[in-house]
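J.: One structure, as structure tokens, below. Some questions next.
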Amino acid sequence: MSQIEIQDDKQELIVDAALKRFAHFGPSKTTMNEIADDLRLSKALIYYYFPDKASLLNAVLEKILNNYFLEIECEANHSKTVEKALYNLIAVRHDFFMKFFFNMGLNRNFLEGNKNSLDEVAARAIKREKAFVATLLEKANKTGELSITNTEEQADLYIDLMKGIRFSYVTPGACTPIIDEDLLKEINHKTRLMTELFVKAHKTPTKH
Numbered sequence: 005m006s007q008i009e010i011q012d013d014k015q016e017l018i019v020d021a022a023l024k025r026f027a028h029f030g031p032s033k034t035t036m037n038e039i040a041d042d043l044r045l046s047k048a049l050i051y052y053y054f055p056d057k058a059s060l061l062n063a064v065l066e067k068i069l070n071n072y073f074l075e076i077e078c079e080a081n082h083s084k085t086v087e088k089a090l091y092n093l094i095a096v097r098h099d100f101f102m103k104f105f106f107n108m109g110l111n112r113n114f115l116e117g118n119k120n121s122l123d124e125v126a127a128r129a130i131k132r133e134k135a136f137v138a139t140l141l142e143k144a145n146k147t148g149e150l151s152i153t154n155t156e157e158q159a160d161l162y163i164d165l166m167k168g169i170r171f172s173y174v175t176p177g178a179c180t181p182i183i184d185e186d187l188l189k190e191i192n193h194k195t196r197l198m199t200e201l202f203v204k205a206h207k208t209p210t211k212h
């Protein structure tokens, strides 16, 4: 095994340990010392790979998002229609948010304190999500399920509509948890309704 592979393995171990801690206790209640103790590594070695908690949280979020995209792509490959694929996207999104974000206890104060380091992760995630939806719409065009002139533009619109529904429940600057479980269910429900309308608006007209 090369030195680079050994370093990659150690980074992965640290990220996995941090994910377990963050998911159980939340990032704000987890120290770098605790992660080092879990792995029986020195604190200095943890800081060698991740100079601060923000950089470690960034890596944890990247891992979560990579797993998220693997799952929605797998679901899409087994979906017979674009409508079903989009519903699966919503379901997986909901499950991941509940498992990794809601349960991690991320609040606005914490996010704002780490805003600069997390903005890039969020921007990349949105870009990947839009590309994923554009691919679904392009496939639906080819099969004749939908009729869309500009799939990239409509993918942008769809993701923006999803964001709009979510942000309609979030008051900027508040010091409360981002969202509660009931609101997550309401967001999930409204996103499904929006998806139904979106798909109907682009259905290929039936020939009589």
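Residue numbers (the working numbering): 5 to 212.
Idealized CB from N, CA, C, for every residue including glycine.
Quick caveat: nothing in here was measured; it's all calculated off a predicted structure.
When you compare only the Cα positions, how much space is there between Gly168 and Ile94?
T.: Roughly 14 Å between the two C-alpha positions.
J.: To the nearest whole angstrom, what separates the beta carbons of Leu43 and Leu17, a pair I think is in contact under 8 Å?
T.: Correct: roughly 6 Å between the Cβ atoms.
J.: Under 8 Å by Cβ, that's how I've got Ile163 and Lys134 pegged, so tell me the actual separation to the nearest angstrom.
T.: Contact flag correct, Cβ pair sits at about 5 Å.
J.: With distances taken Cα to Cα, identify the nearest neighbour of Arg128 among Ser32, Asn70, Glu200.
T.: The shortest Cα separation from Arg128 among Ser32, Asn70, Glu200 belongs to Asn70.
J.: With DSSP as the reference, identify every bridge partner of Leu141, one or two as the case may be.
T.: Partner(s): none; Leu141 has no beta bridge.
J.: Need the endpoints of the alpha helix (DSSP H) that Lys33 sits in, please.
T.: Taken as a continuous stretch (DSSP letters only), Lys33 belongs to no alpha helix (DSSP H), as it is neither H nor E.
J.: What residue from His28, Glu124, Glu77, Leu141 has the CA that sits closest to Asn154's CA?
T.: Here the closest residue by C-alpha is Leu141.
J.: Under a Cβ-count criterion, where at least 16 other Cβ atoms within 10 Å of its own Cβ denotes burial, should Lys189 be classed as buried or exposed?
T.: With fewer than 16 Cβ atoms within 10 Å of its Cβ, Lys189 is classed as exposed.
J.: Pull up the CB-CB distance for Thr195 and Met166, whole angstroms please, since I reckon it's below 8 Å.
T.: Indeed they touch by this definition, with Cβ atoms about 6 Å apart.
J.: Using only the alpha-carbon positions, how far apart do Glu79 and Ser172 sit?
T.: So the two alpha carbons sit approximately 28 Å from each other.
J.: According to the neighbour-count rule (16 or more other Cβ atoms, all chains shown, within 10 Å of its Cβ), is His206 buried or exposed?
T.: Answer is buried; the Cβ neighbour count reaches 16.
J.: Lys57 by DSSP, collapsed to three states: which one?
T.: DSSP places Lys57 in helix when its eight states are reduced to three.
J.: Just to confirm, is the Cβ distance from Ile68 to Val96 under 9 Å?
T.: Not closer than 9 Å, so no.
J.: Are there any heavy atoms of the ligand FAD lying less than 8 Å away from the beta-carbon of Ile68, as far as the coordinates show?
T.: This structure simply doesn't include the ligand FAD, nor any ligand for that matter.
J.: Can you name, in chain order, every residue of its own chain whose Cβ lies under 7 Å from the Cβ of Val137, other than the five neighbours on each side?
T.: Around Val137: Ala159, Tyr162, Ile163.
J.: Determine the direct distance from the alpha carbon of Glu157 to that of Tyr72, and round the result to whole angstroms.
T.: The alpha-carbon atoms of Tyr72 and Glu157 are separated by roughly 23 Å.
J.: By Cβ distance, which residues of its chain are closer than 7 Å to Tyr53, with the 5 residues on each side in sequence left out?
T.: Taken in chain order, the residues that qualify are Lys14, Gln15, Ile18.
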